[in-house]
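Written below as structure tokens is the structure these notes are about.
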Ligand code: SF4
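See the structure below:
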């Protein structure tokens, strides 16, 4: 669930009636040109540190760097370091950004959804249909993640 480098964007219009179910492809965890940032909030760093048996400070020093004031996993030009044989190696503790994929503000524009998200993610169009209200709740959970709003 790598993300474009944080940019200031207006809130995108919500799209409704989206079907999505993760197919475990790992494709969203691969770097695609400038889509390489896995941002980690303080809450994310605490959760990941606990999962890996580290203190939050140890995790932050070992696995993150800061760009424009935002913490993200190291080496954004590479696939996520926690991707193991196409699967997330820290799935239970994965960052908020990853938990909320593909319902990101920048993906809510119907043309972005169609041309960028659906082209990469095999989970689009499968499984549960998310209502606009459910999507709004997922977007709300990203308040402290770069790129929100
Ligand atoms: S933390 Fe896990 S879900 Fe998130 S990008 Fe890395 S491998 Fe993918």
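Numbering (my numbering), first residue to last: 4 to 152.
C-beta atoms are modelled at their ideal positions from N, C-alpha and C, and glycine is treated no differently.
Check whether residue i and residue j have beta carbons under 9 Å apart
i	j	result
residue 148	residue 22	no
residue 98	residue 51	yes
residue 57	residue 96	no
From the options, residue whose alpha carbon lies closest to that of residue i
i	options	result
residue 78	92, 34, 144 and 72	34
residue 112	93, 92 and 135	135
residue 24	132, 137 and 138	132
residue 62	101, 76 and 146	76
residue 138	114, 119 and 102	102
residue 31	65, 67 and 86	86
residue 91	68, 144, 41 and 130	41
residue 74	108, 109, 80 and 44	44
Bridge partners - residue i, DSSP secondary structure assignment
i	result
residue 70	73
residue 141	Its beta-bridge partners do not exist; DSSP assigns none.
Distance between residue j and residue i (C-alpha atoms, nearest Å)
i	j	result
residue 28	residue 140	25 Å
residue 123	residue 117	10 Å
residue 16	residue 82	Note on residue 16: pLDDT 48, under 50, position unreliable in the model; the coordinate value appears next. Distance between the alpha carbons of residue 16 and residue 82: 29 Å.
residue 71	residue 106	24 Å
residue 145	residue 100	7 Å
residue 109	residue 53	30 Å
residue 67	residue 80	13 Å
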